[in-house]
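Peer 1: Below is the structure I would like to discuss, written out as structure tokens.
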Amino acid sequence: MAPFGFIFLANRGNLTKAKLYEAIRRRLGKEPGCYGVRVRPSRARPRTIEARVETAEFLGRAYAVDDATLTVRFSYPRAVGYEYYVIEWSEAARDFGIGWHQDEDHPDLGECHFQIDHVGATIDRRSATFVDEHPLEVLETRLDQLRTVLPRIDWAEGEPKLSDDGLPVPE
């Protein structure tokens, strides 16, 4: 018989928002380089999980800035049969952010998109793969992709641009 934890992860229908956000908080608390993980505004009414990130430890290599913020939000709209989410990396020092948004904001790009923000504006937005899995699996997928995408951001002309290095665009 499978342990209870496995059943919990496999059956996202049994998740409450509070349980999910607590599971994400615990998971990010174990992520290398993540610290100060907190649920905002409170554990009783979770809306967002934020973690401070020591970038070199998180990425496993030197990086241009020392710290960043990782923000995770999930929501369950009644009009669709899957979760919406935002998983974003932001760097205050460069006024830069990237992330995946699975929501209704840009229907022309499909259910999910990837975007790059700089100096308070979105400078690149493109379709991303729709990930219809348990929210903790989505988080794992996007954390792995984040580690792949960040080194591909080119700052040669002072503005972030996803390098055209022959690799596929972020999924």
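Counting from -19, one number per residue, gives the positions in the sequence shown under the working numbering. No residue lacks a Cβ here, since even glycine has one placed at the ideal position from N, Cα and C.
Rank L8, A36, D97, E113 by C-alpha distance to the C-alpha of P140 and give the top, closest one.
Peer 2: D97
Peer 1: Kindly provide the ranges of any alpha helix (DSSP H) runs that are 4 or more residues long and lie completely inside the region 79 to 140, ordered along the chain.
Peer 2: 115 to 129
Peer 1: What whole-angstrom Cβ distance do Y65 and R74 have, given they're in contact under 8 Å?
Peer 2: Not quite, the Cβ-Cβ distance comes to about 24 Å (not below 8 Å), so this is no contact.
Peer 1: Could you check how far apart the C-beta atoms of T49 and S70 are, in whole angstroms? I think they sit under 8 Å.
Peer 2: 5 Å
Peer 1: DSSP puts A31 in a beta bridge; with which residues?
Peer 2: A31 has L50 as its beta-bridge partners, per DSSP.
Peer 1: Which value, in whole angstroms, describes the spacing of the CA atoms of A(-10) and S55?
Peer 2: Legend: pLDDT at A(-10) = 44, less than 50; position of this residue unreliable, value from coordinates given subsequently. Cα to Cα, A(-10) sits roughly 18 Å from S55.
Peer 1: Are at least three pairs of beta-carbons, each pair with one atom in the region 109 to 123 and one in the region 131 to 139, less than 8 Å apart?
Peer 2: no
Peer 1: So, helix, strand or coil for R58, using DSSP?
Peer 2: In this structure, R58 counts as coil in the three-state DSSP scheme.
Peer 1: Does DSSP put R74 in a helix, a strand or coil?
Peer 2: helix
Peer 1: Starting from Y64, follow its DSSP beta bridges and name the residues at the other end.
Peer 2: DSSP lists S55 as the beta-bridge partner residues of Y64.
Peer 1: Please state the DSSP three-state secondary structure of R5.
Peer 2: helix
Peer 1: Out of K(-3), D47, G79, point me to the one whose CA is closest to R105's CA.
Peer 2: G79
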